[in-house]
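K.L.:
In this text, residue positions in the sequence shown follow numbering that gives the first Met the number 0: the first is 0, and each later residue adds one.
Cβ atoms here follow ideal geometry from the backbone N, Cα and C, with glycine treated the same way.
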Amino acid sequence: MKVLHISAECFPVAKVGGLADVVGALPKYQKKIGVDAEVIMPFYDNNYTESKKFVNIFESELDLGDRKYIYQILKLKSKLGFPLFLVKIPELLDRKYVYGFEDDSERFIAFQIAVLDWVLQSKKKPDLIHCHDYHTGFVPFMISHSVKYKTLERIPTVLTIHNAQYQGQFSYDKLYLLPEFNLNKIGLLDWYGQINPLATAIKCAWKVTTVSPSYSEELAIKSNGLEGLLLHEKAKLLGILNGIDSKVWNPEKDKLISKNYSIKTVQSGKKASKNKLCEQFGLDNTKPLFSFIGRLVYEKGADLFPDAFYKALLNHDINILVLGSGDKNVEANLKGLNVPFKGKYNSFIGYDEALAHEIYAGSDFLLMPSRVEPCGLNQMYSLRYGTIPIVRRIGGLKDTVIDIGDKGGFGICHNQTSVDDILYSIGRAVEFYKNKKGFKKNREICMKIDHSWDKSAKEYISLYKSLI
Ligand code: GLC
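1. Can we count Val21 as close to the ligand GLC, meaning its CB is less than 7 Å from some heavy atom?
2. How should Val12 be labelled, buried or exposed, when 16 other C-beta atoms within 10 angstroms of its C-beta is the threshold for buried?
3. Could you give the DSSP three-state label for Arg153: helix, strand or coil?
4. When the Cα atoms are used, what is the spatial distance from Arg392 to Asn414?
5. Can you list, in chain order, the residues of its chain whose CB lies under 8 Å from that of Val418, leaving out five sequence neighbours each side?
6. Can you say whether Gln168 is buried or exposed, counting buried as having 16 or more other CB atoms within 10 angstroms of its CB?
7. Which residue comes first and which comes last in the beta strand (DSSP E) that contains Asp35?
8. Out of curiosity, what's the CA-to-CA distance linking Leu83 and Ile39?
9. How big is the Cα-Cα spacing for Asp189 and Ala198?
10. With Leu240 and Ser215 assumed to form a contact (beta carbons below 8 Å), what rounded beta-carbon distance in angstroms separates them?
11. Under the three-state reduction of DSSP, which class applies to Leu85: helix, strand or coil?
12. On the criterion of 16 or more Cβ atoms from any shown chain inside 10 Å, does Ala19 qualify as buried, or is it exposed?
13. If you measure from the CB of Pro373, is any heavy atom of the ligand GLC nearer than 7 Å?
14. Please state if the CB of His129 and the CB of Val157 are separated by a distance shorter than 8 Å.
15. Assuming the contact rule is C-beta atoms closer than 8 Å, Glu298 and Ser369 should be a hit. Round their C-beta distance to whole Å, please.
16. CB Leu85 to CB Ala109, shorter than 8 Å?
17. Quick one, are the C-beta atoms of Ile389 and Val34 less than 8 Å apart?
18. In the DSSP assignment, find the unbroken beta strand (DSSP E) run with Arg294 in it and report its ends.
19. Please determine, among Leu382, Phe107, Lys269 and Gly227, the residue with the shortest C-alpha to C-alpha distance to Ser245.
20. Using a threshold of 7 Å, is the CB atom of Asn223 nearer than that to any non-hydrogen atom of the ligand GLC?
21. Tell me Val54's beta-bridge partners as DSSP assigns them.
22. Would you call Glu352 buried or exposed, if buried means 16 or more other Cβ atoms sit within 10 Å of its Cβ?
23. Could you tell me the alpha carbon to alpha carbon distance between Glu330 and Leu320, rounded to whole angstroms?
24. I'd like the span of the alpha helix (DSSP H) that includes Met141, first residue to last.
25. So, helix, strand or coil for Ile389, using DSSP?
26. Between which two residues does the alpha helix (DSSP H) containing Phe480 stretch?
27. Rounded to whole angstroms, what's the CA-CA distance from Glu152 to His161? Just pull it up for me.
28. Using a threshold of 7 Å, is the CB atom of Asn162 nearer than that to any non-hydrogen atom of the ligand GLC?
29. Grab the span of the beta strand (DSSP E) containing Lys206 for me, first residue to last.
30. Within 10 angstroms of the Cβ of His356, are there 16 or more other Cβ atoms? Answer buried if so, exposed if not.
31. Which partner residues does Gly325 have in the DSSP bridge list?
32. Please indicate yes or no: does the CB of Leu366 lie closer than 7 Å to some heavy atom of the ligand GLC?
33. What are the boundary residues of the alpha helix (DSSP H) that Cys374 is part of?
34. Is there at least one Cβ from chain C nearer than 8 Å to Ile194's Cβ?
35. For Trp248, which residues of its own chain have a beta-carbon under 6 Å away from its beta-carbon, when the five flanking residues on both sides are left out?
36. Buried or exposed: which applies to Val22, given that a residue is buried once 16 or more other Cβ atoms fall within 10 Å of its Cβ?
Structural data, given as C-alpha cells:
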C-alpha cells in the first residue's frame, strides 16, 4: 500500500509546531509495519535545506490563475526513515519562513497544484493520499472535481485536522487561482461566504481524522466557526491519538541533553540538566523548576502567564522558565518579569530545539494550561523525560494525563484556563514536590508510559484499508 502524506511542515526539515513532529514520525512507524509511506512538502529556504543534498526528479511549469511558475520536485538524499519529496517553486515557496506571508493562499494553492500535477504524470500512483491541515485542504476537492485531475478521482483521500483554529479562508476574488473545476460544485468551497480550505477538505475527504478522541468530540462544540459542519460530518470523523517518535525523544540516547538517563538513573540524570539550566538562566537549583515550552498564544493560555507567574513567584519558592515566542504583548510582559524575579524566573523568547530537550530533561513540572489542545505532544515528551505535566483537562491533554488524585494518576490537572486554576495547580505541585519519595516514584511511573507511535500507526492503517 503506497500512501502519500502532503504537509506544509515535516521535522526535521521545517518545524513550526506539532504538525511537523507528527509528519516526521508517523510515516517512519507506518513503514515499519509495511506501508510504503512517503511525504511531500514545500522546499523552504532554511538552514536544513541549505545544508542537505537533493536530487531533482521532476521539473515542470504550473498555472496559478493567469501566472505560470516553473517548479521542481526534489528528493532528499539523507535518510529520514521514509522518502521525502519537496516542491521547489522559486520566489513563491522557498522563503525563510513557513507561514505568515500576505500571499500564503497563493503559495499553498501552488504547492497543491504542483503535487497533483506531479502525481498525475507519475507511473506508480499512491493508493491513498493523506492531507494534513488546511494548507493541503484543496487536494480532496481538486481530485474529485477538477477537470485535469479526473483520472485521480478514485484515489481515496484522508484529511487529518491538527488544529481547526487555522482554516486559511480567503475571499472569492481569488477563486480564479484554483484549476478549472465543475462549477456545480462551487458550494463545496464555501463556508459562511468565504472560500475555506479546511471546510472544503472536511466536506470532500473520504475520511477526516483528528489527533485525539476528546478533540474529535470537542470539534462539534468549539472549532472556530466549523461546529455546524463538523456536527454534520460527524460520521466521517475519527479521533486517533498522536504518538511520539520515541527514538528522537529518548533520555537514554538524546544527544541534546547534559546527561543521558534511564528510569534507574532518573534522579541524577535530571539533576545534571537542571543544574545546567539553572546556571544558564540564573535560577536556583534547590527549588522546583516549572517550565513552559511552546507558542505564546491565546490558545495555549499564554496571555495569562504574566499575571499567573507574577502571583506564583510572589507566593512560592519556585523557579519558572519559559521557552517560546508568539504574541508580542505577552513576550514583552514575560520579559518584564525577568528583573523583579531575577534568580527565580527567566524566559527565552524564540525557539531552540536543543534547549527544548534540555528543558524537558531538567524541569520538575511542565505547564500546559491550553484553551485548545487538539493533541499536544509536549506532555508526552515531558512524561518520557520524567517531568510531571500540569495540564488543563482538554483535548489530547485530557486523553493522556491522569491527575495524581485519581486512580492510576501521575500528573496534575485542572478544569479551566484561568489564573486561579494555574495557581492552584502550582500550589499542589509545590506540595507534591516536598514528598521526595513519592515524587521520585512518580517520575518513574511517568517514564514507563508508552506513547510511541506503534499503536496509532496501526489505527491509521486499518483506516486506510477500509478505504482502499
Ligand atoms: C497542532 C495542535 C497540537 C497537536 C499537533 C500535532 O499543533 O495544536 O495539539 O499536538 O498539531 O497533531
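P.N.:
To lay it out plainly:
1. yes
2. buried
3. coil
4. 5 Å
5. Leu303, Asp306, Ala307 and Lys310
6. buried
7. Asp35 to Pro41
8. 6 Å
9. 7 Å
10. That belief does not hold up - the Cβ atoms of Leu240 and Ser215 are roughly 10 Å apart, past 8 Å.
11. strand
12. buried
13. yes
14. yes
15. 6 Å
16. no
17. no
18. No beta strand (DSSP E) contains Arg294, which DSSP labels as neither H nor E.
19. Leu382
20. no
21. Lys74
22. exposed
23. 13 Å
24. Val138 to His144
25. strand
26. Given a span of 0 to 467 for the chain in the structure shown, any question on residue 480 remains unanswerable.
27. 25 Å
28. yes
29. Lys206 to Thr209
30. buried
31. Leu295
32. no
33. Here Cys374 belongs to no alpha helix (DSSP H), and DSSP marks it neither H nor E.
34. Note that chain C does not occur in the displayed structure, where there is just one protein chain.
35. Tyr380 and Arg383
36. buried
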